[in-house]
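Residue numbers (the UniProt record's numbering): 1 to 258. No residue lacks a Cβ here, since even glycine has one placed at the ideal position from N, Cα and C. Written out below as structure tokens is the structure these notes cover.
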């Protein structure tokens with residue numbers, strides 16, 4: 001092959017490479033355009049979903065109000081519900097449980113524009129612990145992924161502040177060890193703007209799990225289920241022991257016959 005032919009082949013290879021690279025750039029640009037179009041459709045879909053959710057929130061609201069009126073007539077309803085929850089139940093210490101006996105009703109409410117946030121309110125009867133009739137914690141979704149958290153500053157009655165450890169019930173001459181209170185959830189941040197990574201597990205569990213259907217936790221009877229299981233195990237153990245005794249007696253009878 002002549003030097004000219006070799007040079008021509010190299011030039012063609014460079015041109016082909018440039019052509020392929022150009023096609024790739026064009027293809028990626030078209031893909032990006034389609035992705036942008038899909039994102040736009042997704043945003044429109046999200047807006048539509050939120051509009052529907054907001055519509056049905058307005059329909060649900062009076063039903064929740066009626067539900068709370070009935071719950072008020074059931075003694076210790078929310079105390080039982082919280083204690084039956086596999087996660088929230090572990091957050092209530094002995095003093096919290098005493099306060100929860102005064103909990104009249106719980107309320108979770110999205111803001112009018114549900115994209116902007118929601119609030120969780122605990123409404124209490126008159127009680128010997130604090131002056132507030134309502135304790136509220138709100139989550140406001142701001143621009144750029146920020147969340148503003150605001151909560152009620154609890155007005156504890158003298159000597160009854162279980163969050164700071166000012167309140168202890170003496171048993172004899174000893175004070176019980178200080179335990180973290182559920183009510184510290186209200187005091188951990190009174191007003192604060194939190195970055196996008198912020199996640200309040202307690203709020204999520206109450207809003208998404210407990211609030212929609214608290215009756216399933218009120219009706220939950222884990223101790224009885226476990227007790228029945230224990231009985232089965234004990235019965236099984238008794239049966240095994242009886243079988244062993246019968247086997248032993250049979251062996252003794254065979255020895256006597258011999």
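Quiz item: If you run the structure through DSSP and keep just helix, strand and coil, what is residue 116?
Solution: Locating residue 116 in the chain shown gives position 116, where the first residue counts as 1. Residue 116 sits in a helix when the DSSP states are folded into three classes.
Quiz item: Which value, in whole angstroms, describes the spacing of the CA atoms of residue 25 and residue 113?
Solution: The residue given as residue 25 occupies position 25 in the chain shown. The residue given as residue 113 occupies position 113 in the chain shown. For residue 25 and residue 113, the distance between alpha carbons rounds to 42 Å.
Self-check item: Local Cβ density within 10 Å of residue 56, reported as buried at 16 or more and exposed below that
Solution: Residue 56 sits at position 56 when you count from the first residue of the chain shown. It counts as exposed.
Quiz item: Alpha carbon to alpha carbon, how far is residue 76 from residue 49?
Solution: Sequence index remark: in the chain shown, residue 76 carries index 76 (1-based). Sequence index remark: in the chain shown, residue 49 carries index 49 (1-based). The alpha-carbon atoms of residue 76 and residue 49 are separated by roughly 37 Å.
Quiz item: Under a Cβ-count criterion, where at least 16 other Cβ atoms within 10 Å of its own Cβ denotes burial, should residue 214 be classed as buried or exposed?
Solution: Taking the chain shown and counting its residues from 1, one reaches residue 214 at position 214. Counting other Cβ atoms within 10 Å of its Cβ, residue 214 reaches 16 or more and is therefore classed as buried.
Self-check item: In DSSP terms, what residue 123 is bridged to
Solution: The residue labelled residue 123 in the question sits at position 123 within the chain shown. Residue 123 has 105 and 134 as its beta-bridge partners, per DSSP.
Self-check item: Where residue 99 falls, given that 16 or more other Cβ within 10 Å makes a residue buried
Solution: In the chain shown, counting from the first residue as 1, residue 99 sits at position 99. The residue is buried, with at least 16 neighbouring Cβ atoms inside 10 Å.
Quiz prompt | Reference residue 153; option with closest CA among 182, 161 and 187 | solution = In the chain shown, residue 153 corresponds to position 153, counting from 1. Nearest C-alpha to residue 153: 187.
Self-check item: the segment 84 to 94 in contact with the segment 61 to 71 per 3-pair CB rule at 8 Å
Solution: The answer is no - the segment 61 to 71 does not touch the segment 84 to 94, with fewer than three Cβ pairs under 8 Å.
Practice problem: Kindly list the residues whose CB is nearer than 8 Å to the CB of residue 111, restricted to its own chain and excluding five residues on each side of it in sequence; keep chain order. | Solution: Here residue 111 corresponds to residue number 111 of the chain shown, with the count starting at 1. Closer than 8 Å at Cβ, skipping near neighbours: 117, 118, 119 and 140.
Quiz prompt | Own chain, CB closer than 8 Å to residue 44, minus 5 neighbours either side, in chain order | solution = As a working mapping, residue 44 is identified with position 44 in the chain shown. Contacts found: none.
Practice problem: Kindly indicate which three-state DSSP category residue 204 falls into: helix, strand or coil? | Solution: Position 204 of the chain shown, counted from the start, is the residue given in the question as residue 204. Residue state for residue 204 is assigned as helix, using DSSP reduced to three classes.
Quiz item: Considering only C-alpha positions, which residue in the set 35, 115 and 101 is nearest to residue 126?
Solution: Position 126 of the chain shown, counting from 1, holds the residue named residue 126. Ranking the options by Cα distance to residue 126, first place goes to 101.
Quiz item: Do residue 38 and residue 78 have their C-beta atoms closer together than 7 Å?
Solution: Here residue 38 refers to the residue found at position 38 of the chain shown. Here residue 78 refers to the residue found at position 78 of the chain shown. Not a contact, by the Cβ cut-off of 7 Å.
Quiz item: To which residues of the same chain is residue 131 closer than 6 Å at the C-beta, ignoring the five residues directly before and after it?
Solution: Within the chain shown, the letter at position 131 stands for residue 131. Correct list, in chain order: 155.
Practice problem: Could you check what DSSP says for residue 155 in three-state terms: helix, strand or coil? | Solution: Along the chain shown, one-based indexing puts residue 155 at 155. DSSP, reduced to helix, strand and coil, places residue 155 outside both helices and strands of the structure shown, so it counts as coil.
Practice problem: Using the Cα positions of residue 85 and residue 220, report the straight-line distance between them to the nearest angstrom. | Solution: As a first step, residue 85 is located in the chain shown; it is residue number 85 there, counting from the start. As a first step, residue 220 is located in the chain shown; it is residue number 220 there, counting from the start. Looking at the two C-alpha atoms, the distance is approximately 9 Å.
Practice problem: Pick helix, strand or coil for residue 182, following the three-state DSSP scheme. | Solution: Here residue 182 refers to the residue found at position 182 of the chain shown. Coil.
Quiz item: So, using beta-carbon positions, are residue 150 and residue 138 closer together than 7 Å?
Solution: Indexing the chain shown from 1 puts residue 150 at position 150. Indexing the chain shown from 1 puts residue 138 at position 138. Closer than 7 Å, so yes.
Quiz prompt | C-alpha gap between residue 164 and residue 31, whole angstroms | solution = Taking the chain shown and counting its residues from 1, the one referred to as residue 164 is at position 164. Taking the chain shown and counting its residues from 1, the one referred to as residue 31 is at position 31. C-alpha separation (whole angstroms): 58 Å.
Self-check item: Alpha-carbon to alpha-carbon, residue 70 and residue 236
Solution: Here residue 236 is taken as the residue at index 236 of the chain shown, counted from 1. Here residue 70 is taken as the residue at index 70 of the chain shown, counted from 1. Its pLDDT being 48, under 50, residue 236 is placed unreliably in this model, and the coordinates cannot settle the point.
Quiz item: What three-state label does DSSP hand residue 230 in the structure shown?
Solution: On the chain shown, residue 230 is found 230 positions in, with the first residue counted as 1. Residue placement at residue 230 is poorly supported in this model, since its pLDDT is 43, which falls under 50; the coordinates still yield a value, given next. The three-state secondary structure of residue 230, taken from DSSP, is helix.
Exercise. Kindly indicate which residue of 162, 41 and 108 has the alpha-carbon position closest to the one of residue 96.
Key: Against the chain shown, residue 96 aligns to sequence position 96. Residue 162 is the option with its Cα nearest to residue 96.
Quiz item: When the Cα atoms are used, what is the spatial distance from residue 217 to residue 42?
Solution: Your numbering for residue 217 matches position 217 in the chain shown. Your numbering for residue 42 matches position 42 in the chain shown. Residue 217 and residue 42: Cα-Cα distance of roughly 36 Å.
Quiz item: Does DSSP put residue 100 in a helix, in a strand, or in coil?
Solution: Counting from 1 along the chain shown, the entry for residue 100 is found at position 100. Looking at residue 100 - three-state DSSP - the assignment turns out to be helix.
Quiz item: If we count the other Cβ atoms within 10 Å of its Cβ and call it buried at 16 or more, is residue 181 buried or exposed?
Solution: Counting from 1 along the chain shown, the entry for residue 181 is found at position 181. Counting the other Cβ atoms within 10 Å of the Cβ of residue 181 gives 16 or more, which makes it buried.
Quiz item: Between the C-alpha atoms of residue 68 and residue 106, what's the straight-line distance to the nearest angstrom?
Solution: In the chain shown, counting from the first residue as 1, residue 68 sits at position 68. In the chain shown, counting from the first residue as 1, residue 106 sits at position 106. Approximately 8 Å, taken between the alpha carbons.
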